[in-house]
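Undergrad:
Number of protein chains: 2
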Amino acid sequence: MAEDAPRRRPTLDEVAGLAGVSRSVASRALNNAPHVSRAKREAVERAVRQLGYVPNPTARALATRQTGAAALVVSGEDPSIFADPFFAQVIVGASAALEEADLHLMLCLAASDRGRKRVEELLRSGGADGVMLMALREDDPLGRAVEEAAMPVVFGGRPVGPAPRWYVDVDNAGGAREATEYLLSLGRTRVAALCGRLDTEAGRARYRGYRDAVLAAGLDPFPPGEGDFTEGGGAAATAALLADHPDVDGVFAANDNMGVGALRTLRETGRRVPDDVAVVGFDDLAVAQVSDPPLTTVHQPIQALGREMARMLAALVDGQDPTPLILPTRLVFRASA
Amino acid sequence: MAEDAPRRRPTLDEVAGLAGVSRSVASRALNNAPHVSRAKREAVERAVRQLGYVPNPTARALATRQTGAAALVVSGEDPSIFADPFFAQVIVGASAALEEADLHLMLCLAASDRGRKRVEELLRSGGADGVMLMALREDDPLGRAVEEAAMPVVFGGRPVGPAPRWYVDVDNAGGAREATEYLLSLGRTRVAALCGRLDTEAGRARYRGYRDAVLAAGLDPFPPGEGDFTEGGGAAATAALLADHPDVDGVFAANDNMGVGALRTLRETGRRVPDDVAVVGFDDLAVAQVSDPPLTTVHQPIQALGREMARMLAALVDGQDPTPLILPTRLVFRASA
DNA sequence: CTCGGAAATGGGAGCGCTCCCAAATGGAAG
DNA sequence: CTTCCATTTGGGAGCGCTCCCATTTCCGAG
Numbered sequence: 001m002a003e004d005a006p007r008r009r010p011t012l013d014e015v016a017g018l019a020g021v022s023r024s025v026a027s028r029a030l031n032n033a034p035h036v037s038r039a040k041r042e043a044v045e046r047a048v049r050q051l052g053y054v055p056n057p058t059a060r061a062l063a064t065r066q067t068g069a070a071a072l073v074v075s076g077e078d079p080s081i082f083a084d085p086f087f088a089q090v091i092v093g094a095s096a097a098l099e100e101a102d103l104h105l106m107l108c109l110a111a112s113d114r115g116r117k118r119v120e121e122l123l124r125s126g127g128a129d130g131v132m133l134m135a136l137r138e139d140d141p142l143g144r145a146v147e148e149a150a151m152p153v154v155f156g157g158r159p160v161g162p163a164p165r166w167y168v169d170v171d172n173a174g175g176a177r178e179a180t181e182y183l184l185s186l187g188r189t190r191v192a193a194l195c196g197r198l199d200t201e202a203g204r205a206r207y208r209g210y211r212d213a214v215l216a217a218g219l220d221p222f223p224p225g226e227g228d229f230t231e232g233g234g235a236a237a238t239a240a241l242l243a244d245h246p247d248v249d250g251v252f253a254a255n256d257n258m259g260v261g262a263l264r265t266l267r268e269t270g271r272r273v274p275d276d277v278a279v280v281g282f283d284d285l286a287v288a289q290v291s292d293p294p295l296t297t298v299h300q301p302i303q304a305l306g307r308e309m310a311r312m313l314a315a316l317v318d319g320q321d322p323t324p325l326i327l328p329t330r331l332v333f334r335a336s337a
Numbered sequence: 001m002a003e004d005a006p007r008r009r010p011t012l013d014e015v016a017g018l019a020g021v022s023r024s025v026a027s028r029a030l031n032n033a034p035h036v037s038r039a040k041r042e043a044v045e046r047a048v049r050q051l052g053y054v055p056n057p058t059a060r061a062l063a064t065r066q067t068g069a070a071a072l073v074v075s076g077e078d079p080s081i082f083a084d085p086f087f088a089q090v091i092v093g094a095s096a097a098l099e100e101a102d103l104h105l106m107l108c109l110a111a112s113d114r115g116r117k118r119v120e121e122l123l124r125s126g127g128a129d130g131v132m133l134m135a136l137r138e139d140d141p142l143g144r145a146v147e148e149a150a151m152p153v154v155f156g157g158r159p160v161g162p163a164p165r166w167y168v169d170v171d172n173a174g175g176a177r178e179a180t181e182y183l184l185s186l187g188r189t190r191v192a193a194l195c196g197r198l199d200t201e202a203g204r205a206r207y208r209g210y211r212d213a214v215l216a217a218g219l220d221p222f223p224p225g226e227g228d229f230t231e232g233g234g235a236a237a238t239a240a241l242l243a244d245h246p247d248v249d250g251v252f253a254a255n256d257n258m259g260v261g262a263l264r265t266l267r268e269t270g271r272r273v274p275d276d277v278a279v280v281g282f283d284d285l286a287v288a289q290v291s292d293p294p295l296t297t298v299h300q301p302i303q304a305l306g307r308e309m310a311r312m313l314a315a316l317v318d319g320q321d322p323t324p325l326i327l328p329t330r331l332v333f334r335a336s337a
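These protein sequences, in sequence, are chains A and B. Quick note on the numbering used here: the first sequence kicks off at 1 and runs consecutively. Quick note on the numbering used here: the second sequence kicks off at 1 and runs consecutively.
Here you go:
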């Protein structure tokens, strides 16, 4: 509150004026481009300090046609999908990588119609230099908008259907296979799968991995059932499963939430885990550690997923042409199997 | 891939040309401002559709001096602070409110030095129309930068020290008092507090609430101890507490994480909860429901916190002068007390 | 002392939009 | 058929920065 003169923020012209150079030279000095004498460069630096000059990012964006921002859009019909700790991890990873590339992070939760409209507009208007797209479902209304985007798009997790040009994914099928093989290696012979949403590629791939492992062992896989990746869904599916097949001795759950749901139903129906039924989950979220018993699960490198998406996008913005990436998973052994 | 002509995105001039009007009229029509005849307005709309025109947000931002974005900055020396599900809830709330105000959300995790530098620059450069600031600690390096920000700043949770002009907070002291009073009403007479970080106002206010309640009951409050809001910290603090005061019969934990830590130590030292020691937490995060036993805790409206911060900021950007807001908490009864 | 080329410099034209303001248009009133 | 005012219209000047390019400056070589 010392001096509250309604002073505008200084412009590059004023810096140049004070430094006694032209705007061009000042600009070059600022972006430390070549063709600036040592003397003038220093004069500019001094003027910048004296005036407290900070370049106007908007003006720069207009001139360079680069906004300096990358958007992370999380699709879903319900904003609460974002409450999944999964996304927080993705963001931590992406944020770190974007920081390195000097890009800002815009977060778009495309839940409502209005939200989707805004994302579409962002995509078409060039309001960001690139987009990271997560949790796209089959027939997602954003799918079309993405195709005519005015900027590069990196997918987090392949969408259902033909693989996009750029994506980062986790080895869902491989992880599921490994989990199922482990269950089988324990001597379990009636291993069922609790499917996730089958309108996502992750849901499908995890079932495929399960099925492949069971077939490879010469056994009959359980048919896929529509799931929803929620704890309640896992509990219900397990109840239904037990009704039809009381002799199940192993369960591969498409994610930890469903795994925990299974644990609950199993407990409620008087079965011991892992003695009577062994359970393996997928994700390795915090919940897998605090469940009772702690859940053996397929760990996926979520921060790395975010990081690699951001790096890929930064490369794209930089004019390079990176190749898709599939991150490895690994089985984490705990008490449930 | 139908026609891959390197066509630029159309500009307003081209729209105007096609519609047979001047750029001014086209601009007015687009922003549906007055002084445009019905006929021309329609002509412009037609041209927009035909050309697939989308206004360039950067150019608009430069001309209006409004970026159309609000930043949410989460301070902290460690990016993993963001993994706390708390922030995801704040974001869900803020995102919804920003959507209504037609502002985009920029997320800044100011963890590294570089990250902080970027936030400072954002603040000073006017790269956003306003900022929501969370988790500011005492002596936070961002504190100073905030004061000379070129835009309105809304605090999420009061910082330590003099209250800022605009903030949204939760009634920390009130919630803590209520929790403690409840413990006292249960007939407990040796109720201790597990403090959170005392370099945050939330940590201090919660201790004050506890102390006030104990004093009001004519008892002696336990002295404050430095805590860290983590499960491990809660467990350790509880162990230390029990060593000094084996007869404690009630614990008010400054948040759920610490409450769960207390539960663990209590269990490990052979005490029954709530029979021997009653425990109350603060936050009402998911962990409070799945803990063993489920944690009685002070619920705080986190999404609302985010929503109100965003609304306050939108009002500020809109030139209004909103007043600070303190959101109520409420005690949620579960098995631990 | 002259010349040539490399380095440094600054003028100016954008980037695409908003908004002020003067000029043109269109009726209604006289 | 004027006169006048309320609208509508379009020209033009920015917003603050980058970048191309024509000039100027500087030096060492000849």
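Here a beta-carbon is modelled for each residue, glycine too, at the ideal position from N, C-alpha and C. Computed from a predicted structure; not experimentally measured.
Counting only C-beta atoms, is residue 91 of chain A closer than 8 Å to chain B at any point?
TA: For the purposes of this step, residue 91 of chain A is taken as residue 91 along the first sequence, with counting starting at 1. At least one chain B Cβ lies under 8 Å of residue 91 of chain A.
Undergrad: So residue 175 of chain B and residue 209 of chain B are supposed to be a Cβ contact under 8 Å. How far apart are they, rounded?
TA: Along the second sequence, read from residue 1 onward, the residue named residue 175 of chain B stands at position 175. Along the second sequence, read from residue 1 onward, the residue named residue 209 of chain B stands at position 209. Separation of the CB atoms of residue 175 of chain B and residue 209 of chain B is rounded to 7 Å, and the pair is thereby assigned contact status at 8 Å.
Undergrad: Using a Cβ cut-off of 8 Å (strictly closer), state whether residue 259 of chain A contacts chain B.
TA: Locating residue 259 of chain A in the first sequence gives position 259, counting from the first residue. Judged by the 8 Å Cβ criterion, residue 259 of chain A is not in contact with chain B.
Undergrad: Between the alpha carbons of residue 108 of chain A and residue 147 of chain B, how many angstroms are there, rounded?
TA: Along the first sequence, one-based indexing puts residue 108 of chain A at 108. Along the second sequence, one-based indexing puts residue 147 of chain B at 147. Roughly 28 Å separates the two Cα atoms.
Undergrad: Who are the neighbours of residue 161 of chain B on chain A, taking C-beta pairs under 8 Å?
TA: Reading the second sequence from its first residue, position 161 is the one you call residue 161 of chain B. Neighbours of residue 161 of chain B on chain A: none; closest Cβ ~16 Å, over 8 Å.
Undergrad: Which full runs of the alpha helix (DSSP H) of 4+ residues lie inside the segment 40–64 of chain B, going along the chain?
TA: 57–64
Undergrad: For residue 235 of chain A, return the contacting residues in chain B, with the cut-off set at a CB-CB distance below 7 Å.
TA: On the first sequence, position 235 is the one that residue 235 of chain A refers to. Under the 7 Å cutoff, chain B gives no residues; its nearest Cβ is about 13 Å from residue 235 of chain A.
Undergrad: What residues from chain A crowd round residue 112 of chain B, counting only those whose CB sits closer than 9 Å?
TA: Residue mapping note: residue 112 of chain B aligns to position 112 of the second sequence, counting from 1. Per Cβ cutoff of 9 Å: 96, 99.
Undergrad: What are the partner residues of residue 299 of chain B, as DSSP defines its beta bridges?
TA: Numbered from its first residue, the second sequence carries residue 299 of chain B at position 299. Looking at the DSSP assignment, residue 299 of chain B forms a beta bridge with B:283, B:330.
Undergrad: Along the chain, where does the beta strand (DSSP E) containing residue 155 of chain B start, and where does it finish?
TA: Mapped onto the second sequence, residue 155 of chain B falls at position 155. Looking at the DSSP string, the run of the beta strand (DSSP E) that includes residue 155 of chain B is 153–156.
Undergrad: What in chain A is Cβ-close to residue 255 of chain B, meaning under 8 Å?
TA: If you number the second sequence from 1, residue 255 of chain B lands on position 255. Ordered by position in chain A, no residue passes the 8 Å Cβ test against residue 255 of chain B, which lies about 15 Å from the chain.
Undergrad: Using a Cβ-Cβ cut-off of 8 Å, state whether residue 311 of chain A counts as contacting chain B.
TA: Taking the first sequence and counting its residues from 1, one reaches residue 311 of chain A at position 311. Cβ-Cβ to chain B under 8 Å: no for residue 311 of chain A.
Undergrad: Report yes or no: is there a C-beta of chain B within less than 8 Å of the C-beta of residue 126 of chain A?
TA: Along the first sequence, one-based indexing puts residue 126 of chain A at 126. Interface residue, yes.
Undergrad: Can you give me the start and stop residues for the beta strand (DSSP E) that residue 170 of chain A sits inside?
TA: Taking the first sequence and counting its residues from 1, one reaches residue 170 of chain A at position 170. Looking at the DSSP string, the run of the beta strand (DSSP E) that includes residue 170 of chain A is 167–170.
Undergrad: Under a Cβ-count criterion, where at least 16 other Cβ atoms within 10 Å of its own Cβ denotes burial, should residue 46 of chain B be classed as buried or exposed?
TA: Translated into the one-based positions of the second sequence, residue 46 of chain B becomes position 46. Of the residues assessed, residue 46 of chain B falls on the exposed side of the cut-off, its CB having fewer than 16 other CB atoms within 10 angstroms.
Undergrad: Using a Cβ-Cβ cut-off of 8 Å, state whether residue 230 of chain B counts as contacting chain A.
TA: As a working note, residue 230 of chain B is residue 230 in the second sequence. Answer no: the Cβ-Cβ gap between residue 230 of chain B and chain A never drops below 8 Å.
Undergrad: Compute the Euclidean distance between the alpha carbons of residue 131 of chain A and residue 227 of chain A, then round it to the nearest angstrom.
TA: Here residue 131 of chain A refers to the residue found at position 131 when the first sequence is read from its first residue. Here residue 227 of chain A refers to the residue found at position 227 when the first sequence is read from its first residue. Straight-line Cα distance between these residues: approximately 29 Å.
Undergrad: Run through the segment 204–261 of chain A for me and flag every whole beta strand (DSSP E) of 3 or more residues, listed as ranges in chain order.
TA: For the segment 204–261 of chain A, the continuous beta strand (DSSP E) assignments of 3+ residues that do not extend past its boundaries occur at 250–253, in sequence order.
Undergrad: Report the rounded CA-to-CA distance for residue 309 of chain B versus residue 256 of chain B, giving the unit in angstroms.
TA: The residue labelled residue 309 of chain B in the question sits at position 309 within the second sequence. The residue labelled residue 256 of chain B in the question sits at position 256 within the second sequence. So the two alpha carbons sit approximately 23 Å from each other.
Undergrad: Using the Cα positions of residue 330 of chain A and residue 192 of chain A, report the straight-line distance between them to the nearest angstrom.
TA: In the first sequence, the residue the question calls residue 330 of chain A occupies position 330. In the first sequence, the residue the question calls residue 192 of chain A occupies position 192. Going by the C-alpha atoms only, they are around 20 Å apart.
Undergrad: For chain B, is any of its Cβ atoms less than 8 Å away from the one on residue 27 of chain A?
TA: As a first step, residue 27 of chain A must be located in the first sequence, where it is residue number 27. It does not: the Cβ of residue 27 of chain A has no partner Cβ on chain B nearer than 8 Å.
Undergrad: Grouping DSSP H, G and I as helix and E and B as strand, with all else coil, what is residue 183 of chain A?
TA: Working through the first sequence from its first residue, we reach residue 183 of chain A at position 183. Residue state for residue 183 of chain A is assigned as helix, using DSSP reduced to three classes.
Undergrad: State whether the segment 98–105 of chain A contacts the segment 67–74 of chain A, with contact taken as three or more CB pairs (one from each stretch) at a distance under 8 Å.
TA: yes
Undergrad: What does a CB cutoff of less than 6 Å around residue 178 of chain A pick up in its chain, not counting 5 residues either side in sequence?
TA: The residue labelled residue 178 of chain A in the question sits at position 178 within the first sequence. Taken in chain order, the residues that qualify are 331.
Undergrad: Mind checking which residues open and close the alpha helix (DSSP H) that includes residue 30 of chain B?
TA: Position 30 of the second sequence, counted from the start, is the residue given in the question as residue 30 of chain B. From DSSP, the alpha helix (DSSP H) with residue 30 of chain B extends over 23–30.
Undergrad: At 8 Å on the CB atoms, spell out the chain A contacts of residue 118 of chain B, in chain order.
TA: Here residue 118 of chain B refers to the residue found at position 118 of the second sequence. Near residue 118 of chain B (Cβ distances below 8 Å), the residues of chain A are 99, 102, 104.
Undergrad: What's the gap between the Cα of residue 16 of chain A and the Cα of residue 58 of chain A?
TA: Sequence index remark: in the first sequence, residue 16 of chain A carries index 16 (1-based). Sequence index remark: in the first sequence, residue 58 of chain A carries index 58 (1-based). Whole-angstrom Cα-Cα distance: 19 Å.
Undergrad: Is the beta carbon of residue 194 of chain B less than 8 Å from the beta carbon of residue 253 of chain B?
TA: Counted from its first residue, the second sequence places residue 194 of chain B at position 194. Counted from its first residue, the second sequence places residue 253 of chain B at position 253. Yes; because the gap between Cβ atoms is below 8 Å, this pair is in contact.
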